[in-house]
Each structure stands twice: as C-alpha cells, then as structure tokens.
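For reference, the structure is listed below as structure tokens.
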Amino acid sequence: MKVKTIFFAGCQDAVGKREMEVDINEGTTVEKLLEELIKDHPALEPMKKSVMLSVNMEYVSPDTILHDGDEFAIIPPVSGGGNV
Amino acid sequence: MFEIKKAPLIVEEVVEKVRSDSCGAIATFIGTVRNASMGKRVVYLEYDAYEEMAVKKMGAVGQEVKEKWDIDKMAITHRIGKLDIGEMSVVIAISSPHRKDALEACQYTIDRIKQIVPIWKKEVWEDGEIWIGKQ
Numbered sequence: 002m003k004v005k006t007i008f009f010a011g012c013q014d015a016v017g018k019r020e021m022e023v024d025i026n027e028g029t030t031v032e033k034l035l036e037e038l039i040k041d042h043p044a045l046e047p048m049k050k051s052v053m054l055s056v057n058m059e060y061v062s063p064d065t066i067l068h069d070g071d072e073f074a075i076i077p078p079v080s081g082g083g084n085v
Numbered sequence: 010m011f012e013i014k015k016a017p018l019i020v021e022e023v024v025e026k027v028r029s030d031s032c033g034a035i036a037t038f039i040g041t042v043r044n045a046s047m048g049k050r051v052v053y054l055e056y057d058a059y060e061e062m063a064v065k066k067m068g069a070v071g072q073e074v075k076e077k078w079d080i081d082k083m084a085i086t087h088r089i090g091k092l093d094i095g096e097m098s099v100v101i102a103i104s105s106p107h108r109k110d111a112l113e114a115c116q117y118t119i120d121r122i123k124q125i126v127p128i129w130k131k132e133v134w135e136d137g138e139i140w141i142g143k144q
C-alpha cells in the first residue's frame with residue numbers, strides 16, 4: 002500500500018523534503034511508520050516526543066492503522082497566530 | 010471565513026466578513042511580528058502551514074466558539090511566507106450581539122489557534138534561525 006507522507010517546519014528540514022510516497026504493509030500503524038521514518042532519517046529522532054500525527058487532516062492516536070492512499074503528516078508543535 | 014494568504018493582510022476585509030445588523034460588537038485580534046525574541050534581534054519570520062488542514066482546524070475552533078459563546082460570525086485570516094517586523098500574521102474578527110461574548114471568544118480563539126492549527130513560525134535572527142515550538 003502507498004501512503005503520502007508530509008513533513009513540515011523542523012521535520013521538513015530534518016528529512017530534506019516536503020513530502021514522499023512510502024510503501025507500507027497492511028496493518029501498519031502511524032506509530033510504526035514514524036519509527037520506520039526515523040530509521041531512515043535519524044534527524045527526526047529528537048522530535049519524536051513532541052510531534053502530533055495526522056491522517057487525512059485529522060489528529061490521530063499512535064495506534065491508528067493506515068490505509069492505501071491515506072495522507073499522513075507529522076505535525077511539529079504548532080505556533081501559529083501572533084506574538085502574544 | 011477561514012483563510013490562509015500569502016499576501017499582506019487587510020484588517021477591514023476580515024472585519025467586513027463578520028459585520029451584522031443584529032450585532033452590537035465586533036472584537037478583533039491582530040498578531041504582529043515582534044523585533045526581538047529570547048533576547049535576540051529578529052530579522053524576519055517565515056510562516057509555514059499545512060494549508061488545507063489549517064483551514065479545517067480554524068473551522069473547528071469556530072465551532073467550539075459557537076458552542077461556548079453567543080456570537081454571530083467569526084473570520085480568521087492567517088498569513089504565511091516571509092513576514093517583516095511589524096507586519097500582521099493573523100487577523101481574527103468576531104461579531105456578537107453584546108461585547109462580552111465577542112471579547113472572550115477572541116481571546117479563546119487565538120489561544121486555540123496556537124494549540125491545534127498546523128501553522129509554524131521560523132524566527133530568523135542576525136546570527137541564526139529556529140523553528141518555534143519544541144522540535
């Protein structure tokens with residue numbers, strides 16, 4: 002199965018790309034995919050604890066199972082808005 | 010009502026979206042780029058967004074607000090890309106029959122944007138740069 006994976010902000014800098022298509026096995030969870038990505042891109046490791054994960058633009062828990070064609074994103078801590 | 014833009018923001022455009030004859034108040038919040046952070050001089054900021062999800066999550070914040078306060082309309086426009094010192098990064102406008110609801114909702118909205126809307130800010134200093142947030 003193929004999943005589109007998107008990286009933002011510091012994660013994009015760590016991976017060196019905005020997005021990639023990854024091949025995964027049936028039943029793969031978002032947590033497992035994150036671990037695989039960290040193996041390939043060790044610069045992501047320090048961010049592991051602080052990131053949130055999303056599938057098809059909804060925040061999901063680590064045990065969420067991915068499906069073919071899903072859009073998966075690693076969401077670093079957000080900081081939108083103004084300087085309060 | 011919820012937008013991400015690359016061009017400079019115009020406050021009146023956001024305010025006009027929420028104006029209503031049944032309302033006695035429009036509260037606004039404007040976020041601007043500050044010239045210093047953590048003791049360092051900021052040269053400019055770079056905002057990045059997961060655009061489609063950011064618009065969706067701004068809508069979710071709007072839904073939360075409508076459940077908590079008696080407001081009529083709400084609009085948020087967030088800018089991304091390179092922003093110079095003093096420029097506006099976000100404009101929020103909320104209309105309500107009475108001012109208390111609009112004012113409280115405005116405070117809540119900017120706080121929630123910083124929690125759940127996927128937009129990131131990179132501070133570029135004279136001697137380096139950093140993405141804000143524990144990354």
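Residue numbers (my numbering), protein chains in the order written: chain B, 2 to 85; chain S, 10 to 144.
A virtual CB, placed ideally from N, CA and C, is assigned to each residue, including glycine.
This one's a predicted model, so the numbers in the text were calculated from it and none came from an experiment.
{"Item": "For E72 (chain B), does the three-state DSSP call read helix, strand or coil?", "Value": "strand"}
{"Item": "Roughly how many whole angstroms lie between the Cα atoms of H107 (chain S) and D69 (chain B)?", "Value": "49 Å"}
{"Item": "I'd like to check one pair, P77 (chain B) with G11 (chain B): are the Cβ atoms closer than 8 Å?", "Value": "yes"}
{"Item": "DSSP three-state call for V61 (chain B): helix, strand or coil?", "Value": "strand"}
{"Item": "Let me know the secondary structure DSSP gives D120 (chain S) once reduced to three states.", "Value": "helix"}
{"Item": "Short check: CB of K82 (chain S) to CB of V20 (chain S), under 8 Å?", "Value": "no"}
{"Item": "Under a three-way DSSP split, which group does G48 (chain S) fall into?", "Value": "coil"}
{"Item": "If the cut is a Cβ gap below 9 Å, which residues of chain B does E113 (chain S) touch?", "Value": "Ordered by position in chain B, no residue passes the 9 Å Cβ test against E113 (chain S), which lies about 15 Å from the chain."}
{"Item": "Give the residues of chain B in contact with I141 (chain S), contact being defined as C-beta atoms less than 9 Å apart.", "Value": "A10, P78, S80"}
{"Item": "For the stretch 17-84 of chain S, which segments carrying the beta strand (DSSP E) assignment without a break, of at least 3 residues, lie completely within its bounds, in sequence order?", "Value": "34-41, 49-58"}
{"Item": "I'd like to confirm the pairing. Which residues does DSSP put opposite S104 (chain S) in its beta bridges?", "Value": "S:I35, S:K82"}
{"Item": "Sort B:V16, B:T6, B:I75, B:E22 by Cα distance to K50 (chain B) and report the nearest one.", "Value": "B:I75"}
{"Item": "Counting only C-beta atoms, is M58 (chain B) closer than 8 Å to chain S at any point?", "Value": "yes"}
{"Item": "For V24 (chain S), which residues from the same chain have a beta carbon less than 7 Å from its beta carbon, with the 5 sequence-adjacent residues on both sides left out?", "Value": "I35, T37, A102"}
{"Item": "Quick one: is R1 (chain B) buried, meaning 16 or more other Cβ sit within 10 Å of its Cβ, or exposed?", "Value": "Absent from the model: residue 1 (chain B). The displayed extent of chain B is 2 to 85, so no value can be given."}
{"Item": "Can you tell which of S:M47, S:S105, S:A111, S:I119 has its C-alpha closest to the C-alpha of C32 (chain S)?", "Value": "S:S105"}
{"Item": "Taking 8 Å as the threshold (beta carbon to beta carbon), is E61 (chain S) in contact with chain B?", "Value": "yes"}
{"Item": "In its own chain, which residues sit with a C-beta less than 8 Å from the C-beta of V64 (chain S), not counting the 5 before and 5 after it?", "Value": "F11, E12, I13"}
{"Item": "Per the contact definition of three or more C-beta pairs closer than 8 Å, is the stretch 87-97 of chain S in contact with the stretch 43-62 of chain S?", "Value": "yes"}
{"Item": "I believe N57 (chain B) touches E37 (chain B) by the beta-carbon criterion, under 8 Å. Please report the beta-carbon distance rounded to the nearest angstrom.", "Value": "About 19 Å; that fails the 8 Å criterion."}
{"Item": "Could you spell out the range, first to last residue, of the alpha helix (DSSP H) harbouring E36 (chain B)?", "Value": "31-41"}
{"Item": "Kindly list the residues whose CB is nearer than 6 Å to the CB of Y117 (chain S), restricted to its own chain and excluding five residues on each side of it in sequence; keep chain order.", "Value": "none"}
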